[in-house]
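Comments concern the structure below.
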Amino acid sequence: MNPVIRTSCLSLLLGLPATAAIAQEINVVSWGGAIEASQVKAYNEPFTAATGIGVKAIAADDPASPLKTQIEAQNVTSDVFDVAMSDAIRLCDEGALVEIDPADLPDGADGTPAADDFLDGALWECAVGNIVAGTVISFNRDSFPDGAPSTVADFFDTETYPGKRSLAKSVKRTLYLGLIADGVPAAEVYDQLATPEGVDRAFAMLDTIKDDVVWWEAGAQPPQLLADGEVTMTTAYNGRIFDAMINEGKPFDIIWDGQFLELNAFVIPKDAPNPQAAMEYVKFASSTEALAGQARYISYGPARKSSTALLGLYQDDKTEIAPYLPTAPEHLENAVMDDPEFWADHDAELTERFNNWLASD
Numbered sequence: 036m037n038p039v040i041r042t043s044c045l046s047l048l049l050g051l052p053a054t055a056a057i058a059q060e061i062n063v064v065s066w067g068g069a070i071e072a073s074q075v076k077a078y079n080e081p082f083t084a085a086t087g088i089g090v091k092a093i094a095a096d097d098p099a100s101p102l103k104t105q106i107e108a109q110n111v112t113s114d115v116f117d118v119a120m121s122d123a124i125r126l127c128d129e130g131a132l133v134e135i136d137p138a139d140l141p142d143g144a145d146g147t148p149a150a151d152d153f154l155d156g157a158l159w160e161c162a163v164g165n166i167v168a169g170t171v172i173s174f175n176r177d178s179f180p181d182g183a184p185s186t187v188a189d190f191f192d193t194e195t196y197p198g199k200r201s202l203a204k205s206v207k208r209t210l211y212l213g214l215i216a217d218g219v220p221a222a223e224v225y226d227q228l229a230t231p232e233g234v235d236r237a238f239a240m241l242d243t244i245k246d247d248v249v250w251w252e253a254g255a256q257p258p259q260l261l262a263d264g265e266v267t268m269t270t271a272y273n274g275r276i277f278d279a280m281i282n283e284g285k286p287f288d289i290i291w292d293g294q295f296l297e298l299n300a301f302v303i304p305k306d307a308p309n310p311q312a313a314m315e316y317v318k319f320a321s322s323t324e325a326l327a328g329q330a331r332y333i334s335y336g337p338a339r340k341s342s343t344a345l346l347g348l349y350q351d352d353k354t355e356i357a358p359y360l361p362t363a364p365e366h367l368e369n370a371v372m373d374d375p376e377f378w379a380d381h382d383a384e385l386t387e388r389f390n391n392w393l394a395s396d
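Just so it is clear: in the sequence shown, position 91 is 126 by this note's numbering, and no numbers are missing.
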């Protein structure tokens, strides 16, 4: 279709005057690597084919960082950001994001209204969930020929399972592991972290492996550390490890015990250059079909319930994707779900203590 004609048709669909200017390209900031590649295939290319609007993918280690920078500088240059839900809620509370009415989002493929179709916590005033990602423990099978680790406690057991470890330089994705390793059930982690005694307990466990830890900050680092033999075990985003296992043939395995689940969400900053096209992108990318389609390219769970029925094979056309998703029922038995409200209340104090602990001998 001629781009001018296609733009006019889109104007009508959006309820805009035929003369309204529709963006020919939007900027979408995401996480780079395997997750960006999956979004290009599942969201960006189909969106462009359907609307004629191009999508420029911009990578960031944590998209919330450039979003905050652009907002503070009053120079917003991108239209849609894929951020952790906790960051979305915080920025929404600060009045920095566009409100999104669930009634404006497409119904599920089975007719379920969007408000009922998304997983609990996946819709907020200014944010639309897209995937559920897991921070898991991964290890190199070649490092443990006499028996593989299988629990968080094994991660902390450097005598039975020797070698360097790698952990995220993030209090949220690391501190809870100390409690899990010390026998605290996942369901009680936040109750413990809300008390001085629980925090002390978590840090005491981290103390036992501190000298053996290599810290990571970007998602691409953990699989590379494993592949290079710098560490024998690491925490990592499950999608990064899946990509290394299936696409690169790395001898890695995943420990699902004590995984940390996080929702990612689309947000649109106020003063986005192309707000109308940005909203259409969010609607398209958060549909049942698009979210299920992303799982064909990366092992993250879709944020819509109706997407589950559409899950199939990975892009290699031979690997069933469902067993590799962090939302698979068998992987949720001792999983810790991110609690944005807890972190809104405790992030500053726990981050300060974590940073002081990192800097101490």
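Note that the Cβ used here is the ideal one computed from N, Cα and C, for glycine as well.
List the residues that DSSP assigns as beta-bridge partners of R176. Residue pairing of R176 in beta bridges, as defined by DSSP: absent, with no partner found.
Output needed for N175: all residues of its chain with C-beta closer than 7 Å, excluding positions within five of it in sequence on either side, in chain order. The beta carbon of N175 lies closer than 7 Å to those of L261, T267, P286, F287 in the same chain, with the five residues before and after it left out.
Can you list, in chain order, the residues of its chain whose CB lies under 6 Å from that of A306, leaving out five sequence neighbours each side? Here the sequence assigns Asp to residue 306, which means Ala is not the residue at that position. Once the five neighbours on either side are set aside, the close Cβ partners of D306 are V111.
Tell me the start and end of each unbroken beta strand (DSSP E) in the segment 278-363 that is at least 3 residues and wholly inside, in chain order. Given a length threshold of 3 residues, each whole run of the beta strand (DSSP E) inside the segment 278-363 is given here in chain order: 287-302.
Given that a residue counts as buried once 16 or more other Cβ atoms are within 10 Å of its Cβ, and exposed if not, what is D396? That one is exposed.
Count the other CB atoms within 10 Å of the CB of W250; is the residue buried (16 or more) or exposed (fewer)? By the beta-carbon neighbour count (other beta carbons within 10 angstroms, threshold 16), W250 is exposed.
Kindly confirm or deny that the segment 116-130 and the segment 353-365 touch, where touching means at least three C-beta pairs closer than 8 Å. No contact exists between the segment 116-130 and the segment 353-365.
Out of A313, E387, Y349, which one is the CA nearest neighbour of V133? Cα-wise, what sits closest to V133 is A313.
P180 classed as buried or exposed, judged by whether at least 16 other C-beta atoms fall within 10 angstroms: Counting Cβ neighbours within 10 Å, P180 comes out exposed, since fewer than 16 surround it.
Same chain only: Cβ atoms within 6 Å of Y225, ignoring 5 sequence neighbours per side: Only D374, F377 meet the Cβ criterion.
Nearest neighbour of E129, chosen from I93, K103, P337 [CA to CA]: Of the listed residues, the one whose Cα sits closest to E129 is K103.
On a CA-only basis, which of I333, D351, G347, D382 is nearest P361? Give me that one, please. Nearest to P361 by alpha-carbon distance, out of I333, D351, G347, D382, is I333.
Cβ contact check for the segment 82-93 and the segment 335-352: 3 or more pairs under 8 Å: Contact annotation: the segment 82-93 does not touch the segment 335-352, with fewer than three C-beta pairs closer than 8 Å.
Taking 6 Å as the limit between beta carbons, can you name the residues of its chain near A379, skipping five residues before and five after? Around A379: no qualifying Cβ.
Assigned exposure category for S100 - 16 Cβ within 10 Å defines buried: Only exposed fits S100, as fewer than 16 other CB atoms lie within 10 angstroms of its CB.
Which ranges would you report for the alpha helix (DSSP H) in the segment 223-255 if only whole runs of at least 4 residues count? Segments of the alpha helix (DSSP H) lying fully in the segment 223-255: 224-228, 231-242.
Let's test the definition: count the other Cβ atoms within 10 Å of the Cβ of Q74 and tell me whether it reaches 16, buried, or not, exposed. In this structure Q74 is buried. Its beta-carbon is surrounded by 16 or more other beta-carbon atoms within 10 angstroms.
Same chain, Cβ closer than 7 Å to I303, neighbours up to 5 away in sequence not counted: Excluding sequence positions up to five before and after I303, its CB lies within less than 7 Å of the CB of D114, V115, L132, V133, P310, A313, M314, V317, all in the same chain and listed in chain order.
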